[in-house]
Structures are given as C-alpha cells and as structure tokens.
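Residue numbers (the working numbering), protein chains in the order written: chain A, 5 to 269; chain B, 225 to 520.
Taking it in order: structure first as structure tokens, then the write-up.
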Amino acid sequence: MSAAQELARAPEPARSGSVEVERFNFWYGATQALFDIDLSIPPSAVTALIGPSGCGKSTFLRSINRLNELIPGAHGSGEIRLDGENIYERGMDVVTLRQRVGMVFQRWNPFPKSIYDNVAYGPRINVRPKRADLDAIVESALRRAALWDEVRDRLRDSALTLSGGQQQRLCIARALANEPEVLLLDEPASALDPIATQKIEELIYELKRELTIVIVTHNLQQAARISDRTAFFYLGKLVEVGETQRLFTSPRGDQTEAYITGRFG
Amino acid sequence: MSVALSSTGRQGGSTKRLMRRRIASVVMVSLTCVAAAIAVVPLIAILGYLLRKGAASLSLSFFTHMPAPVGEPGGGMANAIIGTLVLIGIAATVGLPVGIGAGLYLAEQRGSRLANLVRYLADVLNGLPSIVMGIFAWEFLVRPFGHFSALAGGAAIGAMMIPLVTRTTEEMVCTVPQSLREAALALGYPRWRTSLQIVLRTALGGIVTGVLVAVARVAGETAPLLFTAFGNQFWSLKLTQPIAALPLQIYVYANSAYDDWHAQAWAGATVLIGLVLVISVIARLVTRARFGGGHD
Chain A
5 MSAAQELARA
15 PEPARSGSVE
25 VERFNFWYGA
35 TQALFDIDLS
45 IPPSAVTALI
55 GPSGCGKSTF
65 LRSINRLNEL
75 IPGAHGSGEI
85 RLDGENIYER
95 GMDVVTLRQR
105 VGMVFQRWNP
115 FPKSIYDNVA
125 YGPRINVRPK
135 RADLDAIVES
145 ALRRAALWDE
155 VRDRLRDSAL
165 TLSGGQQQRL
175 CIARALANEP
185 EVLLLDEPAS
195 ALDPIATQKI
205 EELIYELKRE
215 LTIVIVTHNL
225 QQAARISDRT
235 AFFYLGKLVE
245 VGETQRLFTS
255 PRGDQTEAYI
265 TGRFG
Chain B
225 MSVALSSTGR
235 QGGSTKRLMR
245 RRIASVVMVS
255 LTCVAAAIAV
265 VPLIAILGYL
275 LRKGAASLSL
285 SFFTHMPAPV
295 GEPGGGMANA
305 IIGTLVLIGI
315 AATVGLPVGI
325 GAGLYLAEQR
335 GSRLANLVRY
345 LADVLNGLPS
355 IVMGIFAWEF
365 LVRPFGHFSA
375 LAGGAAIGAM
385 MIPLVTRTTE
395 EMVCTVPQSL
405 REAALALGYP
415 RWRTSLQIVL
425 RTALGGIVTG
435 VLVAVARVAG
445 ETAPLLFTAF
455 GNQFWSLKLT
465 QPIAALPLQI
475 YVYANSAYDD
485 WHAQAWAGAT
495 VLIGLVLVIS
505 VIARLVTRAR
515 FGGGHD
C-alpha cells in the first residue's frame, strides 16, 4: 500500500497545504452552525480563529478534517479545498484526508500506551515502516514537537506519566508523525499553565515554517502573539479576516472591535 | 439542616418534629441493616453447610479419580470436573466472539434503530429460562445428529453467555472517552480499526471482568445440559460424545438412593461453588487492576 501511495502522490505538484473555503455552510440536524464561510488559509502561516464560545470556530475547524461527520445528522454544503481538491467531493477518502490534516485537541488525549507507541500509531498503519525506520520517524516527530530531550530515556513509559504540557506536546508529535500538510489546533493551551503554554506557542512558531497551522483560541493575546492572520467568527458567520496586526489595531467591523476590546464575549 | 436547628431553639413544636425525624432515621437505618444482614445470611449459610457436608468426602482423590461403583467407597469426579472445564471452553468459543462483537456494535451504533432492537432482544434472551435454551440446543444440535454431545451442551450454555457478555461489553465500551476515538480518527484511523484497536483495547479490563462473571454464571447451569451434554460416567473428552459435568453429576448423585453418592454430591457442590468463587475473585482482581490503579 505504501509504495502505491507514494507513486500516486509523487506526481502531484502542489502539496503545499493551502486551504480554500468557499460558501461553506454546516448544520447539526436542523440547527445551522456555519453560514456561508469564505476564507483563504495560506500555507506556511498561522491562522487564528477567534470569537465568543459557540460561534462556530470549533465546528469550522473540525470541518477541515471532516471529524464533524461522526455526529449523527451533521451535514455541510459548499466547498473546502485542500491544495485545490474539494475534500467534500465524493471520491475523497476521509482516512487519507485525516492523515494529511492532523489535529490536536483542547484536552490532551494520548492513548493509554507507551510514549513511543503513541507517536508510532499513525505511521504504523499508514506507511507500515520497518522497525529502524519507525524509530527514526518517532525520534524526528518528538524532536519537532520539542519533547525528545525530555522523554528520550523513557520512551517505553506510559504516556500518562507525563505532565499535562508534555502530554499535549506528545499529541502534537503524534500528529506530526503522519507528516501532515495542515495542523489543526483546537485551543491547545487553554488548560495549560503559562510555562507550558509558552512552550506550545514557541513550538507553533517553529512548525509554521513546515506546515499550515489553524488554531482556535479564546486567548486574544495568544492569537495576537502567534498568528499571521486572524479570522473573527460571530454567531456562525465569519465577520472579519485579515492580517493579525491590522485586525487587532484597526478592526473594520464594529463587532470585531467590540470583541477584541473586551466589550462582549 | 441548619434551618431546622436554628428554629428548634425558638419553638417547642419544632423540637418535637426534630425528635420525630431522629426516630424515623434510626428506624430506617436499622431496617436497612436488617435487610442487608438477611441478604448475606443465605450465602453464608449455604457456604457453611456445604463446607461441613462436603469437606468430609473432599480429598485429593476426588479431583483425580473416576466415580466409583455403588457400594465401593472413595472415588472422585475427575471426569465431571474436566468435563465442566471443557464445556466452559466450548461456551466461551461460542459466546465471546458473538457477545463482544454485538456489544461493540451496540455501543458504537448507539441510538440506531437496529441497535435498540438488538439491545432489547439481548435482554429478552437474558431472561429466557435456561431449560428453554437446552430444548433449543437439543432440537438443533442433538436430534439431527442422533446423539448427545459436549458440543451441544457447550453451545447451549454459550448462547446463555451471549447476552451477558453483550451488555457488559456495551457498558464498558461506552465508558471509553470520546476524545480517544477522535484522537485515533484524526490520525487517519478507519472506524473499524479505531473500534478494535483503541476502543476495545481500552475497555478490555472491564470486558474481561464481565466475561468472567458470565462464565461463573453459566458454569453452574444444569438445565441446559440435561439433554445436550447429558453426562457421562466414564472418562471422555470427545466433543461429539456425551460428556460429564459437575452440575449434572451432582443432580444424578443427589437423586440417588445411596448415602455415599449423597456425600459425593455434597463434595461436588463444594467444588462447583469453589470454582465459581475463584472465578469471581479473579474477576474482582482484574477489575481492581483496571480501575483502582493510579492512572490519570
């Protein structure tokens, strides 16, 4: 499978990780959660999604790897294109999609297994590497997640023995081991202390050179610190999107200004 | 509480009410204590009586020897003990894959109409009298072949295990946090692989407990074996032939007219209870290792 996959992928010219969203709507049953979202997410940059709770940020994020489909009655319309390919197209294999679009959740969720096995989980079934290759993949993923030095001597220990911040970085390493083009982060630091948060932020800054990052955050300072572009969602609509610095210093919409100055939300 | 206390200081009427409440409380606590004691008494009484009656005939040879002819002292139930283990093995082979598979389906397809129907049917199956299960197995596994067999007996009690295992598996799988499923799916795991490798494995400790409880439950079943496994006075491990089983042996011996057979029946009952007890204790230990450990 891996050889065939490599062959199939090799001729593809653009695997840059750009995401284009066009007139995307999403419903949970009869309740519409997203309205006509148009958004362009550039590769090799951090795009922050901000907005009050329940405004559809997470729904939107989980639409990019089609994880929302697990909820009965959930459905969408419109297009989300990954490298020009509509991910809601009939022929799109959701398993392949999720290998290309990694995700890290608010509450870290390592498997109750060893540190090594957690990172090896994706590659083991997706590329089926040899033992030595797998070791290299695991090490490289842990290094990229800035966790290697802390866990190199205890790879066989349970992942649950790590601290919260370490577990979250392990989840990032686990996602990176799949070599995704896009990394979705759903409030990755909201349950972490300031030091651990800072480590995650530095990590995001490092990683954006290699892949597209989309981060949902409730922390406006964090969005301002780490993102290149910011999108403000309100009541399921995309109100405003632009360069982070511009959006925070001279917001165009009244709602945007009210939100970032703390008048609501 | 604090309201009641502060008002008692002021009025005599509420002091009376407080007294009444205290009396009611004491009465209720005593009643529940008595009920709890009554619930435990039969178990202790049975165990004590069994040990007193059974211990006399219980010896090493009971486990290693074949039944002795009438009038001859000694002898054991080696064939029945092994037979019961064989039957449990067959039952597990039948009941576990189906039960675990069905439980996984019920948990992962929660809310679908078919799942609700299956859950309901599993509950009905659970309430089915065990003799009915025996008749059913006789009709389909004994009559067509023309003779009783260990396979038919094992299948009958295996079918009884299915609903038990199904419901425990479902409950255990439901306790696996959704975030673990999402983690696996987000890594590009297909749903079937997520269910088998992540969900089922995480729930395994609890499922093992449920399986052991189900085994303990069917190990003592007599009715479904009466006209399937049938029993056997001789040593036989052939799956297509009648096989001895502890409950059957006890049934036959207890109904006999001979005193030494009665004694043997008591010893058999003690062994059977011991077997069930051991399985239950293992189940407890597995559960504790799974849920009592210091994991996050």
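We put the beta carbon where it would ideally sit given N, CA and C, even for glycine.
Values in this document were obtained by computation on a predicted structure and should not be read as measured data.
Contact with chain B by residue i, beta-carbon distance below 9 Å
i             : result
residue 102/A : yes
residue 173/A : no
residue 135/A : no
residue 15/A  : Any answer about residue 15/A is weak, because its pLDDT of 44 lies below 50 and its placement is not dependable; what the coordinates show is given next. By this cut-off, residue 15/A is not an interface position.
residue 126/A : yes
residue 179/A : yes
residue 208/A : no
residue 293/A : There is no way to answer for residue 293/A, as the model of chain A reaches only from 5 to 269.
Partners in chain A for residue i, counting only beta-carbon separations shorter than 8 Å
i             : result
residue 443/B : Here the premise fails: no neighbours, minimum Cβ distance about 32 Å.
9 Å Cβ cutoff, residue i in contact with chain A
i             : result
residue 414/B : yes
residue 417/B : yes
residue 395/B : no
residue 511/B : no
Terminal residues of the beta strand (DSSP E) in which residue i lies
i             : result
residue 20/A  : It is not in any beta strand (DSSP E) - residue 20/A carries neither H nor E in the DSSP assignment.
residue 247/A : 241-247
residue 400/B : Unbroken run through residue 400/B: none, as it is neither H nor E.
residue 186/A : 186-190
residue 142/A : Element bounds for residue 142/A: not the beta strand (DSSP E) but the alpha helix (DSSP H), 135-148.
residue 78/A  : 78-86
residue 51/A  : 50-54
Three-way DSSP call (helix, strand, coil) for residue i in this model
i             : result
residue 502/B : helix
residue 233/A : strand
residue 158/A : coil
residue 37/A  : strand
residue 226/B : The predicted position of residue 226/B is uncertain, since its pLDDT is 45 and thus under 50; a value taken from the coordinates is nonetheless stated next. Three-state result, residue 226/B: helix.
residue 220/A : strand
residue 204/A : helix
residue 413/B : coil
residue 27/A  : strand
residue 45/A  : strand
residue 342/B : helix
residue 32/A  : strand
residue 107/A : strand
residue 89/A  : strand
residue 372/B : coil
residue 64/A  : helix
residue 360/B : helix
residue 454/B : strand
Per-residue contacts from residue i into chain A (C-beta, under 7 Å)
i             : result
residue 403/B : 109, 111, 113
residue 422/B : 115
Host alpha helix (DSSP H) of residue i (start-end)
i             : result
residue 445/B : That residue, residue 445/B, is in no alpha helix (DSSP H); it is neither H nor E in DSSP.
residue 98/A  : 98-104
residue 129/A : 119-130
residue 213/A : Note, residue 213/A: premise wrong, no alpha helix (DSSP H); not H, not E.
residue 256/A : Segment: none, residue 256/A is in no alpha helix (DSSP H) and carries neither H nor E.
residue 321/B : 302-332
residue 168/A : 168-180
residue 222/B : Given a span of 225 to 520 for chain B in the structure shown, any question on residue 222/B remains unanswerable.
residue 473/B : 470-478
residue 288/B : 284-288
Within chain A, the residues that residue i reaches when beta carbons sit closer than 9 Å
i             : result
residue 426/B : 115, 116
Per-residue contacts from residue i into chain B (C-beta, under 7 Å)
i             : result
residue 80/A  : Going along chain B, no residue has its Cβ under 7 Å from residue 80/A, so there is no contact; the nearest lies around 17 Å.
residue 317/A : With chain A running from 5 to 269 in the structure shown, residue 317/A is simply not present.
8 Å Cβ cut-off: residues of chain B touching residue i
i             : result
residue 99/A  : 412, 413, 414
residue 106/A : 410, 411
residue 76/A  : 335
Within-9 Å CB hit, residue i to chain C
i             : result
residue 182/A : In the displayed structure, chain C is absent; the protein chains listed are A and B.
Discussion item. Using a Cβ-Cβ cutoff of 9 Å, what residues of the region 241-262 of chain B are near chain A? List them in chain order.
Written reply: none
Worksheet item: Taking any Cβ of chain A, which residues in the region 317-342 of chain B have a Cβ under 8 Å from it, in chain order?
Response: 335
Worksheet entry | Residues in the region 190-202 of chain A having any Cβ partner in chain B nearer than 7 Å | Correct list: empty, as no residue qualifies.
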